[in-house]
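**Student:** Below is the structure I would like to discuss, written out as structure tokens.
Protein chains in written order, with this note's numbering: chain A, 5 to 339; chain B, 3 to 288.
As structure tokens, then:
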């Protein structure tokens with residue numbers, strides 16, 4: 005079996021050198037095409053022979069999708085920019101440190117050297133029943149193996165479950181949401197830009213995808229406006245193995261303070277639902293209040309209202325409550 | 003062509019998962035095909051209405067101007083069932099053709115409404131209406147044979163006028179009953195697989211094979227209902243059928259239509275107790 009699982013199924017490898025060509029190829033081959041960024045998610049699927057595309061569109065040769073550029077209103081990060089480059093970029097570290105922190109906590113250095121921002125936000129769910137090739141809802145079947153009385157669901161959703169209980173695994177996604185980033189896509193109908201939180205979809209809308217990309221669509225860049233540049237940021241990721249793992253949960257916040265009072269705030273968490281969650285109720289409640297433990301406590305309690313734990317992930321509720329608290333007052337003050 | 007999608011269960015068993023969604027278009031095309039062929043037949047062939055004359059005298063004066071056909075309760079059932087059925091069809095199949103929304107929630111709620119309305123209808127029709135009026139009887143079968151023989155140019159007696167329901171209505175009722183019960187029963191079990199707040203989820207209630215067959219039956223009955231509903235709506239808006247459709251809205255049909263289409267012996271309408279336009283029928287209100 006090991007040999008079989010290491011040998012990818014045959015496909016035509018297409019290596020465009022421009023975003024326009026890449027988009028055209030994706031449009032031409034539609035459902036038969038597989039788009040590959042850093043390859044870290046793709047090679048899992050292909051080597052396990054679970055996904056068998058007819059053509060693979062490799063974006064590694066598309067230079068225009070790489071790099072970080074200053075714009076009149078912030079920065080634009082090419083979808084193929086590596087996580088290492090983002091983590092080390094001076095402008096990102098200075099103005100949008102929440103993103104630098106988030107991407108620096110993704111997996112391992114080797115993976116960050118290869119992994120891209122576009123790939124990180126567009127990666128597929130890590131539910132092992134789904135990744136194992138079982139015919140679950142997300143794979144086109146009619147059951148969720150994780151949401152059963154004996155299902156292994158320690159890592160799964162406490163919000164937004166709708167037949168499927170897999171969570172979104174991205175670390176960069178909540179950071180981009182609190183920065184009010186815009187995702188830029190090339191589609192058969194032209195360029196399309198959406199808010200970061202609107203890029204992700206839950207199973208209630210489409211159980212087979214985690215984002216709005218459809219066959220023929222290509223994520224080209226992520227634009228971060230200057231609005232939140234230099235704000236007080238917080239990012240924390242909780243995982244089983246601190247050297248290299250997907251998040252059990254992560255939280256990102258961006259806060260503007262006026263004399264110790266929160267004048268504006270955005271908070272987002274991930275790995276609690278099938279898509280990254282922006283905590284609007286907690287934001288509304290915290291706005292206008294001092295950035296202290298009481299406000300953090302209140303925001304944390306509000307954040308978990310409506311959570312529905314599965315058999316083995318009840319721990320996520322206090323975890324989320326405390327992470328949100330820390331996102332407002334910081335780790336030391338919250339302790 | 004494959005009609006069913008298959009998958010390998012964690013135990014290595016090949017199990018069906020659901021129907022191939024292309025069958026949606028097969029059902030739509032079948033419905034359209036029926037409409038076109040039926041319309042052309044009526045336009046080109048122009049079959050004359052030829053019913054056998056009743057030998058007994060019909061006392062038209064004793065029949066109210068407005069012949070009651072469906073009681074308010076029966077009409078409410080029909081339209082509630084229609085609304086829930088259309089909701090079920092749209093919520094089931096629109097996402098499959100690319101229109102995305104939170105369909106599961108609306109689908110199971112509409113399914114519950116349909117189930118309650120069908121249960122009500124079963125009790126209502128069994129104990130408060132003329133239960134047998136919607137089932138084909140010997141006269142229907144004999145007339146059907148005669149109509150077929152006459153269609154092919156053979157000698158056969160003219161068919162009788164209809165009882166309360168034409169044979170086509172009765173057959174349609176039978177088809178919609180079978181498909182409706184199939185989607186209802188399978189749908190109720192399938193609610194055990196999603197979060198509804200009504201049942202405790204238990205996806206292991208049946209084996210993967212049984213579940214798969216249940217999903218397939220639900221899907222087949224569902225796409226069958228697409229064609230059946232299309233045909234029903236088409237018939238409902240045909241000019242010659244409008245009096246029947248109106249009776250499902252207002253509850254009555256005109257005396258002229260009643261006398262023209264229906265056999266007063268097979269569907270007797272009593273004389274009104276007083277002279278009003280409403281009529282006081284012996285109609286069973288179904």
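Idealized CB from N, CA, C, for every residue including glycine.
Identify the contact partners of residue 164 of chain A in chain B, using a Cβ-Cβ distance below 7 Å as the criterion.
**Tutor:** Result: empty, since nearest Cβ-Cβ is about 11 Å, beyond 7 Å.
**Student:** Given that residue 151 of chain B touches chain A, what residues does it touch there, using C-beta distances under 9 Å?
**Tutor:** Those within 9 Å of residue 151 of chain B in chain A number zero; the least Cβ separation is about 48 Å.
**Student:** Can you find a C-beta in chain A that's less than 7 Å from the C-beta of residue 19 of chain B?
**Tutor:** Output row for residue 19 of chain B: interface = yes.
**Student:** Give the residues of chain B in contact with residue 209 of chain A, contact being defined as C-beta atoms less than 8 Å apart.
**Tutor:** Correct list: 102, 103 and 104.
**Student:** Let me know if residue 165 of chain A comes out buried or exposed under the rule of 16 or more other beta-carbons within 10 Å of its beta-carbon.
**Tutor:** With 16 or more Cβ atoms within 10 Å of its Cβ, residue 165 of chain A is classed as buried.
**Student:** Hey, how far is the Cα of residue 171 of chain B from the Cα of residue 306 of chain A?
**Tutor:** Distance between the alpha carbons of residue 171 of chain B and residue 306 of chain A: 57 Å.
**Student:** For residue 120 of chain B, which three-state DSSP category applies?
**Tutor:** In the structure shown, residue 120 of chain B sits in a helix (DSSP, three-state: H, G or I).
**Student:** Alpha carbon to alpha carbon, how far is residue 157 of chain B from residue 332 of chain B? Give it in angstroms, no decimals.
**Tutor:** Beyond the ends of chain B as shown, which are 3 and 288, falls residue 332 of chain B; an answer cannot be given.
**Student:** Against chain A, with Cβ distances strictly below 7 Å, would residue 99 of chain B count as a contact?
**Tutor:** Not one chain A Cβ lies under 7 Å of residue 99 of chain B.
**Student:** For residue 143 of chain A, count neighbouring C-beta atoms within 10 Å of its own C-beta (all shown protein chains included) and say buried if the count is 16 or more, exposed if not.
**Tutor:** Buried: at least 16 other Cβ atoms inside 10 Å.
**Student:** Between the C-alpha atoms of residue 115 of chain B and residue 229 of chain A, what's the straight-line distance to the nearest angstrom?
**Tutor:** Approximately 48 Å between the Cα atoms of the pair.
**Student:** Which term fits residue 118 of chain B, buried or exposed, when burial requires 16 or more other beta carbons within 10 angstroms of its beta carbon?
**Tutor:** Classification of residue 118 of chain B: exposed, given that the 10 Å Cβ count is below 16.
**Student:** Are the CB atoms of residue 104 of chain A and residue 114 of chain A nearer to each other than 7 Å?
**Tutor:** No. Outside cutoff.
**Student:** Step through the CB atoms of chain A and report whether any lies within less than 7 Å of the CB of residue 9 of chain B.
**Tutor:** Yes, its Cβ sits closer than 7 Å to a Cβ of chain A.
**Student:** Nearest chain B C-beta to residue 220 of chain A closer than 7 Å, yes or no?
**Tutor:** Answer no: the Cβ-Cβ gap between residue 220 of chain A and chain B never drops below 7 Å.
**Student:** Using a Cβ cut-off of 9 Å, pull out every chain A residue sitting near residue 197 of chain B, in sequence order please.
**Tutor:** Here the neighbours are 151, 165, 166, 167 and 312.
**Student:** Check whether the Cβ of residue 147 of chain A lies closer than 7 Å to any Cβ atom in chain B.
**Tutor:** So, interface residue.
**Student:** Check the Cβ of residue 4 of chain B against every Cβ in chain A and list those closer than 9 Å, keeping chain order.
**Tutor:** Within chain A, no residue comes near residue 4 of chain B; the closest Cβ sits about 14 Å away, beyond 9 Å.
**Student:** From the beta carbon of residue 217 of chain B, is the nearest beta carbon of chain A less than 7 Å away?
**Tutor:** Closer than 7 Å to some Cβ of chain A, the Cβ of residue 217 of chain B qualifies, so yes.
**Student:** Residue 282 of chain A and residue 201 of chain A look like a contact to me (Cβ under 8 Å); what is the Cβ gap, rounded to whole Å?
**Tutor:** Yes, they are in contact, since the Cβ atoms of residue 282 of chain A and residue 201 of chain A sit about 5 Å apart, within 8 Å.
**Student:** Using a C-beta to C-beta distance shorter than 8 Å, which residues of chain A count as neighbours of residue 206 of chain B?
**Tutor:** What residue 206 of chain B touches in chain A: 152 and 153.
**Student:** Give me the Cα-Cα distance between residue 32 of chain A and residue 221 of chain A, rounded to the nearest whole angstrom.
**Tutor:** Cα-Cα distance, rounded: 11 Å.
**Student:** Between B/257, B/265 and B/224, which lies nearest to residue 22 of chain B when the distance is taken from Cα to Cα?
**Tutor:** If we check each option's Cα against that of residue 22 of chain B, B/224 comes out closest.
**Student:** Check this for me: beta carbons of residue 85 of chain A and residue 71 of chain A, under 7 Å apart or not?
**Tutor:** Yes, the pair counts as a contact, with Cβ atoms nearer than the cut-off.
**Student:** Just to confirm before moving on: does the CB-CB distance between residue 275 of chain A and residue 171 of chain A stay below 7 Å?
**Tutor:** Against a cut-off of 7 Å, the Cβ pair of residue 171 of chain A and residue 275 of chain A comes out as a contact.
**Student:** Of all the options A/216, A/212, A/184 and A/179, which has the alpha carbon lying nearest to the alpha carbon of residue 191 of chain A?
**Tutor:** Among A/216, A/212, A/184 and A/179, the Cα nearest to that of residue 191 of chain A belongs to A/216.
**Student:** Roughly how many whole angstroms lie between the Cα atoms of residue 109 of chain A and residue 41 of chain A?
**Tutor:** Roughly 19 Å between the two C-alpha positions.
**Student:** Residues of chain A with CB under 9 Å from residue 12 of chain B, in chain order?
**Tutor:** Simply 133, 136, 138, 139 and 149.
**Student:** Apply the 10 Å Cβ neighbour rule to residue 102 of chain B and answer buried if 16 or more other Cβ atoms are within range, or exposed otherwise.
**Tutor:** Classification of residue 102 of chain B: exposed, given that the 10 Å Cβ count is below 16.
**Student:** Interface residues of chain B around residue 144 of chain A at Cβ under 9 Å?
**Tutor:** Neighbours of residue 144 of chain A on chain B, chain order: 7, 9, 19 and 20.
**Student:** What residue from B/231, B/44, B/106 and B/13 has the CA that sits closest to residue 241 of chain B's CA?
**Tutor:** That would be B/44, whose Cα lies nearest to the Cα of residue 241 of chain B.
**Student:** If you run the structure through DSSP and keep just helix, strand and coil, what is residue 27 of chain B?
**Tutor:** Of the three classes helix, strand and coil, the one that applies to residue 27 of chain B here is helix, per DSSP.
**Student:** I'd like the list of long-range same chain contacts for residue 58 of chain A, defined as Cβ closer than 8 Å, with 5 residues on each side in sequence excluded.
**Tutor:** Answer for residue 58 of chain A: 15, 16, 33, 36 and 37, listed in chain order.
**Student:** Would you mind stating whether residue 61 of chain A and residue 18 of chain A have Cβ atoms separated by less than 7 Å?
**Tutor:** Cβ distance < 7 Å, so residue 61 of chain A and residue 18 of chain A count as in contact.
**Student:** Which residues does DSSP list as the beta-bridge partners of residue 256 of chain B?
**Tutor:** According to DSSP, which records beta bridges pairwise, residue 256 of chain B is partnered with B/68.
**Student:** As a quick exercise: from A/25, A/149 and A/157, pick the residue whose alpha carbon is nearest that of residue 205 of chain B.
**Tutor:** Closest by alpha carbon: A/149.
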